[in-house]
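All remarks here apply to the structure that follows.
2 protein chains.
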Amino acid sequence: MAPHGTGAANPDRLLDHPERADIRLEAVLHACADPMRLLIIQALAADPSTACGEIGLACSKSTATHHFRVLREAGVITQHYRGTAKINELRREDLDAVFPGLLDSLVAAANKQSGKTTEPGSLRG
Amino acid sequence: MAPHGTGAANPDRLLDHPERADIRLEAVLHACADPMRLLIIQALAADPSTACGEIGLACSKSTATHHFRVLREAGVITQHYRGTAKINELRREDLDAVFPGLLDSLVAAANKQSGKTTEPGSLRG
DNA sequence: CTCGTAGTTCGATGGATCTCGTAGTACGGT
DNA sequence: ACCGTACTACGAGATCCATCGAACTACGAG
């Protein structure tokens with residue numbers, strides 16, 4: 000038996016995302032309750048469609064993978080491959096539909112706390 | 000030496016609360032990311048100034064104490080004694096000042112998810 | 001095919017966290 | 001003074017979580 004990566008478990012490189020209806024508030028909050036993941040969210044809010052590596056996360060690659068996964072499984076972000084890179088996006092529409100206003104106040108709070116100036120106009124593409 | 004409760008550590012029954020400026024977003028989110036504590040928050044949102052025991056929590060008393068403490072130390076609620084009862088209140092003003100809109104969307108999300116009808120008069124003015 | 005880049009998986013470790021029962025303190029009434 | 005109610009503090013057990021390094025897969029370019 001191969002000691003690692005049982006290989007080809009997902010040949011098309013597709014990723015599982017929870018349906019909109021399956022997004023749970025506790026999971027979303029838990030996902031956001033981590034400084035590293037909050038950073039990711041801020042980065043994606045400022046810059047949609049960013050690859051994992053493009054966000055300068057101060058941790059190892061495996062840790063980064065872990066955090067992105069937590070966010071995806073909670074329904075906060077979507078991920079899809081683009082060549083060798085993995086592109087991340089906030090699930091704005093879904094989150095707004097399920098928990099109206101939550102994401103916005105969350106991002107605003109994160110930006111405020113980190114002293115970021117989310118200048119008016121950059122919020123929406 | 001008394002094996003438990005070193006007694007009179009706080010003769011006036013005063014409780015430590017973080018200052019408004021010391022409230023951290025991660026801590027607030029983490030505090031809210033628990034079903035039990037989310038229940039407490041919903042209860043306090045619907046009914047300010049409630050004693051610990053008045054919320055029908057499905058857990059032991061020591062566990063309840065623990066959850067209330069987490070909420071207090073995160074800056075989500077205040078607690079003060081009134082006779083033998085301990086009264087809890089949401090720190091609405093402080094939270095609104097530090098993270099505008101967050102508490103409202105949080106409570107609304109919790110109510111929505113739990114199918115609670117947030118009294119058609121209290122939310123929309 | 002080979003190499004480099006991007007990200008994953010596994011396994012381990014150390015630290016939080018949840019939960020509880022038991023034993024304790026504080027207050028208010030009788 | 002005594003008792004009951006309300007809640008706390010401690011200690012233990014179980015589980016979860018963040019983090020890492022090492023080994024691995026997948027894709028693209030030359």
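Which chain is which? The protein sequence lines are A and B, in order.
For what it's worth, numbering that gives the first Met the number 0 labels the leading residue of the first sequence as 0, then goes sequentially.
For what it's worth, numbering that gives the first Met the number 0 labels the leading residue of the second sequence as 0, then goes sequentially.
The beta-carbon is built from N, C-alpha and C at its ideal position, and this holds for glycine as well.
Quiz item: Using a C-beta to C-beta distance shorter than 7 Å, which residues of chain A count as neighbours of B:Pro17?
Solution: Residues of chain A passing the Cβ test: none, with the nearest at roughly 14 Å.
Exercise. Go through its chain and collect everything with a Cβ distance to A:Lys85's Cβ below 8 Å, but skip five positions before and after it.
Key: So the list reads Ala50, Cys51, Phe67, Gln78, His79, once near-sequence residues are dropped.
Self-check item: Exposure of B:Asp93, with buried meaning 16 or more beta-carbon neighbours within 10 Å
Solution: By the 10 Å Cβ count, B:Asp93 comes out buried.
Self-check item: Which residues DSSP lists as bridging B:Thr83, in chain order
Solution: Per DSSP, none; premise fails for B:Thr83.
Quiz item: So, does the CB of B:Leu38 fall closer than 8 Å to a CB anywhere in chain A?
Solution: Answer no: the Cβ-Cβ gap between B:Leu38 and chain A never drops below 8 Å.
Exercise. Using a Cβ cut-off of 8 Å (strictly closer), state whether B:Ala42 contacts chain A.
Key: Taking CB atoms only, B:Ala42 has no neighbour in chain A less than 8 Å away.
Quiz item: Which ranges would you report for the alpha helix (DSSP H) in the region 30-93 of chain A if only whole runs of at least 4 residues count?
Solution: Runs of the alpha helix (DSSP H) inside the region 30-93 of chain A: 34-45, 60-73.
Quiz item: Mind pulling the chain A residues with CB within less than 7 Å of B:His29?
Solution: Within chain A, the residues near B:His29 are Ala32.
Exercise. Starting from the beta carbon of A:Phe67, find every residue of chain B whose beta carbon is closer than 9 Å, and list them in chain order.
Key: Those within 9 Å of A:Phe67 in chain B number zero; the least Cβ separation is about 18 Å.
Exercise. Would you mind giving the Cβ-Cβ distance between B:Glu25 and A:Asp46, rounded to the nearest angstrom? I have them listed as a contact below 8 Å.
Key: About 21 Å separates the Cβ atoms of B:Glu25 and A:Asp46, ruling out a contact at the 8 Å cut-off.
Quiz prompt | Cα-Cα separation, B:Glu18 to B:Val97 | solution = The alpha-carbon separation between B:Glu18 and B:Val97 amounts to approximately 11 Å.
Quiz prompt | Counted within 10 angstroms of its Cβ, other Cβ atoms place B:Arg81 as buried (16 or more) or exposed | solution = Exposed is the call here.
Exercise. Compare the C-alpha of B:Leu43 against each of B:Cys58, B:Leu70, B:Ser59, B:His29 and name the closest.
Key: Comparing Cα positions, the closest option is B:Leu70.
Quiz item: Is it true that the CB of A:Lys111 sits closer than 8 Å to the CB of A:Gln41?
Solution: Going by C-beta atoms, A:Gln41 is not nearer than 8 Å to A:Lys111.
Exercise. Give a yes or no on whether 8 Å exceeds the smallest Cβ distance from A:Leu24 to chain B.
Key: Interface flag for A:Leu24 against chain B is set, since a Cβ pair is found closer than 8 Å.
Quiz item: Just curious, the alpha helix (DSSP H) that B:Ser113 is in, first and last residue?
Solution: Premise fails: B:Ser113 is in no alpha helix (DSSP H) and is neither H nor E.
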